[in-house]
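Here the structure is laid out as structure tokens; the discussion comes afterwards.
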Amino acid sequence: MTQQEFMERTGITPTAEDFDYIHAVYLNTSMNKDEFCKDFKKHGDSRIIRDVHVRVLNYEMKCERQKEVIGNLTDFLIGKAHAYDDTDFRKEAVGLVGEMEVVKRTIELGLPLWDEDRMVVLSMIEGQGK
282 MTQQEFMERT
292 GITPTAEDFD
302 YIHAVYLNTS
312 MNKDEFCKDF
322 KKHGDSRIIR
332 DVHVRVLNYE
342 MKCERQKEVI
352 GNLTDFLIGK
362 AHAYDDTDFR
372 KEAVGLVGEM
382 EVVKRTIELG
392 LPLWDEDRMV
402 VLSMIEGQGK
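FYI, the numbering for the sequence shown is 282 to 411, going by my numbering.
Right, here's the structure in full:
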């Protein structure tokens, strides 16, 4: 929804900063534009909504950070599996992100594929041929 659409539906003229907040809240709802605007006119100044929105943003940032840490740990484990020729490290990486992601990351890291990796690639190819 654009700021103009919001203003036309609500009669409210928010600042650019306020509209950024309004738009972020709108994107995190399952309401259509009209439903959202009608409800926002009633509850838009609610501290509860603002507090929940802040918590959601903090949670999303925390989740992104955790994904980054898991990705780094996965790459580390894949590297160690190859450095020590030990598939136990690979198994731990698979436990974190799954077989297909480990195969993808192994290729991206430019490392040779394990037999298990080749089996995953072959099963994907066979699955596409059906």
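Beta carbons: idealized from backbone N, C-alpha and C, even for Gly.
The structure displayed is predicted, hence computed values, not measured ones.
| Query | Result |
| --- | --- |
| Three-state class that DSSP yields for M342 in the structure shown | helix |
| Complete alpha helix (DSSP H) runs within the region 307 to 380 (minimum length 4 residues, chain order) | 314 to 324, 328 to 364, 368 to 378 |
| Cβ-based neighbour list, L358, same chain, cut-off 8 Å, excluding 5 preceding and 5 following | F370, R371, E373, A374, L377 |
| Under the three-state DSSP convention, the category I293 falls into | coil |
| Residues of its chain near I351, where Cβ-Cβ distance is below 8 Å and the 5 sequence neighbours each way are ignored | L377, V378 |
| Neighbour-count burial assignment, I406, 16 or more Cβ in a 10 Å radius | exposed |
| Where the alpha helix (DSSP H) through M282 begins and ends | Element bounds for M282: n/a, residue is neither H nor E. |
| Opening and closing residue of the alpha helix (DSSP H) in which G391 lies | Run containing G391: none; DSSP gives neither H nor E here. |
| Cβ-based burial, T387 [other Cβ within 10 Å; buried from 16] | buried |
| Candidates M282, N353, D332: closest to M312 by CA position | M282 |
| Contact between the region 322 to 329 and the region 353 to 368 (3+ Cβ pairs under 8 Å) | no |
| Nearest residue (CA-CA) to T291, options N309, A305, Y302, D320 | D320 |
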